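Respectively, the protein sequence lines represent chains A and B. Its first residue numbered 2, the first sequence is counted upward by one per residue in my numbering. Its first residue numbered 2, the second sequence is counted upward by one per residue in my numbering.
2 protein chains.
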Amino acid sequence: MTDTRFDVLGIGNAIVDVIAETSDDFLGTHDLIKGSMRLIDEDEAGRIYDGMGPGTEVSGGSAANTIAGVAALGGRGSFVGKVRDDQLGDVFAHDIRAQGVSFTTPTAAEGPLTARCMVLVTPDAQRTLNTFLGAAIGISVNDLDPADVAASKVTYLEGYLWDAPAGPALFAAAATAAAAAGQEVAMTLSDPFCVDRHRTDFLAFIREHVDIVFANEDEVISLYEADNFDEAAKAMAEDVKLAALTRSEKGSVVVSGRERAAVDAVTASVVDTTGAGDLYAAGFLYGYTQGTSLDRAARIGGICAAEVISHLGARPHANLRTLVTENLG
Amino acid sequence: MTDTRFDVLGIGNAIVDVIAETSDDFLGTHDLIKGSMRLIDEDEAGRIYDGMGPGTEVSGGSAANTIAGVAALGGRGSFVGKVRDDQLGDVFAHDIRAQGVSFTTPTAAEGPLTARCMVLVTPDAQRTLNTFLGAAIGISVNDLDPADVAASKVTYLEGYLWDAPAGPALFAAAATAAAAAGQEVAMTLSDPFCVDRHRTDFLAFIREHVDIVFANEDEVISLYEADNFDEAAKAMAEDVKLAALTRSEKGSVVVSGRERAAVDAVTASVVDTTGAGDLYAAGFLYGYTQGTSLDRAARIGGICAAEVISHLGARPHANLRTLVTENLG
């Protein structure tokens, strides 16, 4: 690796979450599938918002959560994502910078408002996401400075951004810049429905450009249309150098060639599962870019995931750095 | 009392809180007095916001919190306060309506943005408030429908609104409408510094128009420039029919003529004291308008205050109605 300014640079949707506790009945009334992420337009966003209970606004966005986590652990993070010049855009920009992340993507002066995700948390702590992508999918290739990618040990791509018109071109540009600088590319599959929308493109992109894949069990099975986790993990190992696969309460499995390292989940009092995968990736990437073993990186990921599911919201609360030191030394 | 549509109608500043955990050092650097509320202009709001950590946005405003609490308990609430037609204004309007409160104050189409209060929570759970009043103090007498006041058992006035140019005129109009309809007027003194800014006006208004005063120990002592709580409580009893005086961990004292009813505080694991007084008033007013004894009303207030200080934010989380039933039967 060459000299770096960032440990991890993330590219993804810049979103503010609107979190509300809700009932299973509410999901039924609005035909929402528990645990999934659904894209909605402004009209439907209005309908769901009008119907749901009082909310709490917290900055979110999958890759943005991950980079906030990397920074909270003491890593050097940078984020690329699009907001508008509105109040929620200000909130997003403030929060990620206040976490110590570099965020310099130009703000949109016109067009749709800053993206919002209505996070409906049911009593079983599951979250159902309804995302109005707004300004986030107005991102363009010009919003990325290839010099930033070249100066990052890992560039982390959010699969969800494939839904943006310029997403695939942006990711190709990032991957090219990373390869030219001898840096690595990581990607999260984001969501089984997202995998379903882009399966062929995802596979081609991963095989050509990606060094490290993050996915949960449903996502990796969906990617390969496999019958079970083991079959999917085996296929994954043939396509990338490294994959970190999460399995909820069964912990995670790191796959590298013929090697497998399984790590148990960290026990947590679960309040809201939003951000579990994002913070697992944060912990893993922090460890990985610090040069720890894959096993230890996976353990750091597990600790960060356990912290974020113990409260409402997908950004870390507790001092993650202290938490890791206390648990792993 | 005549027929009513509302148990309590609140008039106050419509504010969205931006809550961040902070250090004592941060307060020192910005010359902030712990535990107080300070009014700031847009420039200073920007400076503090830029310096503070990642935030969580939750609807706030003192009287608005109280009315949200009344509604959460099952009471019929209405709120009068001014927001702009911006994203935080939408958040405020959504949240209070989603709590079941009637909120029909016309939205400002121009002028300052919706009010924000930066709530800095130190490790000792104390909160230090920095309020940019924005659109909230653009409220005018025309924003109040006297028919709503006439249809409310109690009209609850937030002392802070005295800082709005039209605040005193609005409160006089509300008090006149309430008296004409044979309804009652309650007022919270809000903050010792607020009392200090408006002592003479507060005393004159209370003596002429107010039936029930809510205040904490510091506020009532400041109002009468008294040497101690007992002296202040005695003076208060001569000026109003009823006063509910809160004393933090010492509980509350209800003062009515020569009667005194002291109620112990409810034990709580304190995370953030924001909203303690607001939710005490909610519980008390709910009980009072349901016709319970003053002692029971004070106990309901204590339960609601204990709930709101057990988490970040000044709006209730737990089902207050269930909580009261479980504790008081």
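No residue lacks a Cβ here, since even glycine has one placed at the ideal position from N, Cα and C. Predicted model only: the values in this text are computed from it and were never measured.
**Prompt:** Is there a Cβ from chain A that is less than 8 Å from the Cβ of B/Val59?
**Reply:** By 1-based counting over the second sequence, the position of residue 59 of chain B is 58. At least one chain A Cβ lies under 8 Å of B/Val59.
Worksheet item: Would A/Ile34 be called buried (16 or more neighbouring beta carbons within 10 Å of its own) or exposed?
Response: Against the first sequence, residue 34 of chain A aligns to sequence position 33. Classification for A/Ile34: exposed.
Notebook entry, point to check: Going along chain B in order, which residues have a C-beta closer than 8 Å to the C-beta of A/Leu171?
Noted result: In the first sequence, residue 171 of chain A corresponds to position 170, counting from 1. Neighbourhood of A/Leu171 in chain B, by CB distance below 8 Å: empty, with the nearest CB roughly 26 Å away.
**Asked** Can a CB atom of chain B be found closer than 8 Å to the CB of A/Ala266?
**Response** Position 265 of the first sequence, counted from the first residue, corresponds to residue 266 of chain A. Not one chain B Cβ lies under 8 Å of A/Ala266.
Find the residues of chain A that neighbour B/Pro124, judging by a C-beta separation of less than 9 Å, and give them in chain order. Here residue 124 of chain B refers to the residue found at position 123 when the second sequence is read from its first residue. Near B/Pro124 there are no residues of chain A at all, since even the closest Cβ is about 12 Å away, more than 9 Å.
Partner residues on chain B for A/Pro395, Cβ-Cβ distance less than 7 Å = Residue 395 of chain A is absent from the model: chain A starts at 2 and stops at 330.
First and last residue of the beta strand (DSSP E) that includes A/Val211? Taking the first residue of the first sequence as 1, we reach residue 211 of chain A at position 210. Segment: none, A/Val211 is in no beta strand (DSSP E) and carries neither H nor E.
Please list, in chain order, all residues of the same chain as A/Ala233 whose beta carbon is under 6 Å from its beta carbon, the five residues on each side excluded. Along the first sequence, read from residue 1 onward, the residue named residue 233 of chain A stands at position 232. Result list for A/Ala233: Val221, Ile222, Tyr225, Ala227, in chain order.
Practice task
Assuming B/Ala298 contacts B/Phe285 (C-beta within less than 8 Å), just tell me the rounded distance between them.
Solution key: Position 297 of the second sequence, counted from the first residue, corresponds to residue 298 of chain B. Position 284 of the second sequence, counted from the first residue, corresponds to residue 285 of chain B. With 8 Å as the limit, B/Ala298 and B/Phe285 qualify as a contact, their Cβ atoms being about 5 Å apart.
- Task: Count the other CB atoms, across all protein chains shown, that sit within 10 Å of the CB of B/Lys154; report buried if there are 16 or more and exposed otherwise.
- Result: Walking along the second sequence from the start, residue 154 of chain B turns up at place 153. That one is buried.
For this session: Report yes or no: is there a C-beta of chain B within less than 8 Å of the C-beta of A/Val92?
Result: Counting from one through the first sequence, the residue named residue 92 of chain A turns up at place 91. It does: the Cβ of A/Val92 has a partner Cβ on chain B nearer than 8 Å.
Exposure of A/Pro166, with buried meaning 16 or more beta-carbon neighbours within 10 Å | Your numbering for residue 166 of chain A matches position 165 in the first sequence. The residue is exposed, with fewer than 16 neighbouring Cβ atoms inside 10 Å.
C-alpha gap between B/Ala187 and B/Asp265, whole angstroms:
Locating residue 187 of chain B in the second sequence gives position 186, counting from the first residue. Locating residue 265 of chain B in the second sequence gives position 264, counting from the first residue. Taking the straight line from one Cα to the other gives about 23 Å.
(message) Please report the straight-line C-alpha distance between A/Thr275 and B/Asn14, rounded to a whole angstrom.
(response) One-based indexing of the first sequence puts residue 275 of chain A at position 274. One-based indexing of the second sequence puts residue 14 of chain B at position 13. If I take the Cα positions, the gap works out to 33 Å.
Exercise. Residues in the region 267 to 296 of chain A with C-beta within 9 Å of chain B's C-beta atoms, listed in sequence order?
Worked result: Within the region 267 to 296 of chain A, no residue qualifies.
Quick test of your reading: A/Ser24 and A/Asp279, contact by CB under 8 Å. State the CB separation rounded to the nearest angstrom. By one-based count along the first sequence, residue 24 of chain A stands at place 23. By one-based count along the first sequence, residue 279 of chain A stands at place 278. Their Cβ separation, rounded to whole angstroms, is 26 Å, which puts A/Ser24 and A/Asp279 out of contact at 8 Å.
Report task. Could you pull out every unbroken beta strand (DSSP E) segment of at least 3 residues lying fully inside the region 238 to 307 of chain B, listed in chain order? Result -> 243 to 247, 253 to 257, 260 to 264
**Asked** Unbroken beta strand (DSSP E) runs of length 3 or more, entirely within the region 115 to 195 of chain B: which are they?
**Response** Correct list: 116 to 122, 128 to 133, 153 to 159, 185 to 189.
- Query: Where B/Gly139 and B/Gly112 are concerned, what is the direct C-alpha to C-alpha distance, given to the nearest angstrom?
  - Reply: The count along the second sequence starts at 1 and reaches residue 139 of chain B at position 138. The count along the second sequence starts at 1 and reaches residue 112 of chain B at position 111. Answer to the nearest angstrom: the Cα atoms are 8 Å apart.
Original post:
DSSP on B/Asp197, reduced to helix/strand/coil?
Top reply: Residue numbering aside, residue 197 of chain B sits at position 196 when the second sequence is read from its first letter. Three-state DSSP puts B/Asp197 in a helix.
### Message
For chain B, check one thing: does any of its Cβ atoms lie closer than 8 Å to the Cβ of A/Asp44?
### Response
For the purposes of this step, residue 44 of chain A is taken as residue 43 along the first sequence, with counting starting at 1. Chain B contact via Cβ: absent.
Give a yes or no on whether the C-beta atoms belonging to B/Leu134 and B/Leu40 are separated by under 8 Å. The residue you call residue 134 of chain B lines up with position 133 of the second sequence. The residue you call residue 40 of chain B lines up with position 39 of the second sequence. In contact: B/Leu134 and B/Leu40 (Cβ atoms closer than 8 Å).
- Nearest-angstrom beta carbon gap, A/Trp163 and A/Cys195 [assumed within contact, 8 Å]: Numbered from its first residue, the first sequence carries residue 195 of chain A at position 194. Numbered from its first residue, the first sequence carries residue 163 of chain A at position 162. Contact annotation, A/Cys195 with A/Trp163: C-beta distance approximately 7 Å; criterion of less than 8 Å satisfied.
Contact check, A/Thr106 vs A/Lys83 under 8 Å by CB: the rounded distance? Stepping through the first sequence from its first residue, residue 106 of chain A is reached at position 105. Stepping through the first sequence from its first residue, residue 83 of chain A is reached at position 82. At roughly 6 Å, the Cβ-Cβ gap stays under 8 Å, so A/Thr106 and A/Lys83 are in contact.
| If the cut is a Cβ gap below 8 Å, which residues of chain A does B/Leu89 touch? | Your numbering for residue 89 of chain B matches position 88 in the second sequence. The answer, in chain order, is Gln88.
Fill in: Sub-8 Å separation of B/Ile310 and B/Ala277 beta-carbons
Within the second sequence, residue 310 of chain B is the residue found at index 309, counting from 1. Within the second sequence, residue 277 of chain B is the residue found at index 276, counting from 1. Going by C-beta atoms, B/Ile310 is nearer than 8 Å to B/Ala277.
Q) Buried or exposed: B/Ala110, going by 16 or more other Cβ atoms within 10 Å of its Cβ? A) On the second sequence, residue 110 of chain B is found 109 positions in, with the first residue counted as 1. Its Cβ having fewer than 16 others within 10 Å, B/Ala110 is exposed.
Point to revise | Residues of the region 139 to 165 of chain B with Cβ closer than 7 Å to any Cβ of chain A, in chain order | key: none
Problem set entry | Alpha-carbon spacing of B/Met2 relative to B/Ala151, whole angstroms | The count along the second sequence starts at 1 and reaches residue 2 of chain B at position 1. The count along the second sequence starts at 1 and reaches residue 151 of chain B at position 150. Interpretation of B/Met2 is limited by its pLDDT of 48, a score under 50 that renders its predicted location unreliable; the figure taken from the coordinates is listed afterwards. Rounded to the nearest whole angstrom, the C-alpha separation of B/Met2 and B/Ala151 is 10 Å.
message: By the three-class DSSP mapping on this structure, what secondary structure does A/Asp1 have?
response: Any answer about residue 1 of chain A is impossible in this case: the structure gives chain A only from 2 up to 330.
Inset, instruction - Report the rounded CA-to-CA distance for B/Gly303 versus B/Ala244, giving the unit in angstroms. - result: Walking along the second sequence from the start, residue 303 of chain B turns up at place 302. Walking along the second sequence from the start, residue 244 of chain B turns up at place 243. Whole-angstrom Cα-Cα distance: 15 Å.
Name, please, each residue of chain B whose Cβ falls closer than 7 Å to the Cβ of A/Tyr331. It is not possible to answer for residue 331 of chain A, since the shown part of chain A is limited to 2 through 330.
Query raised in the report: Whole-angstrom Cβ separation of B/Thr129 and B/Gly258, contact assumed at under 8 Å?
Result: On the second sequence, residue 129 of chain B is found 128 positions in, with the first residue counted as 1. On the second sequence, residue 258 of chain B is found 257 positions in, with the first residue counted as 1. Contact flag wrong, Cβ pair sits at about 37 Å.
Quiz item: When DSSP labels each residue in this structure, what does B/Val9 get in the three-state scheme?
Solution: Residue 9 of chain B sits at position 8 when you count from the first residue of the second sequence. B/Val9: strand per DSSP, three-state reduction.
Assigned secondary structure, B/Gly61 (DSSP; H/G/I helix, E/B strand, else coil) | Sequence index remark: in the second sequence, residue 61 of chain B carries index 60 (1-based). Strand at B/Gly61.
Residues in the same chain with beta-carbon distance under 7 Å from A/Gln127, minus the five sequence neighbours each way, listed in chain order, please. What you label residue 127 of chain A is simply residue 126 of the first sequence in a count that begins at 1. Taken in chain order, the residues that qualify are Lys35, Gly36, Thr274.
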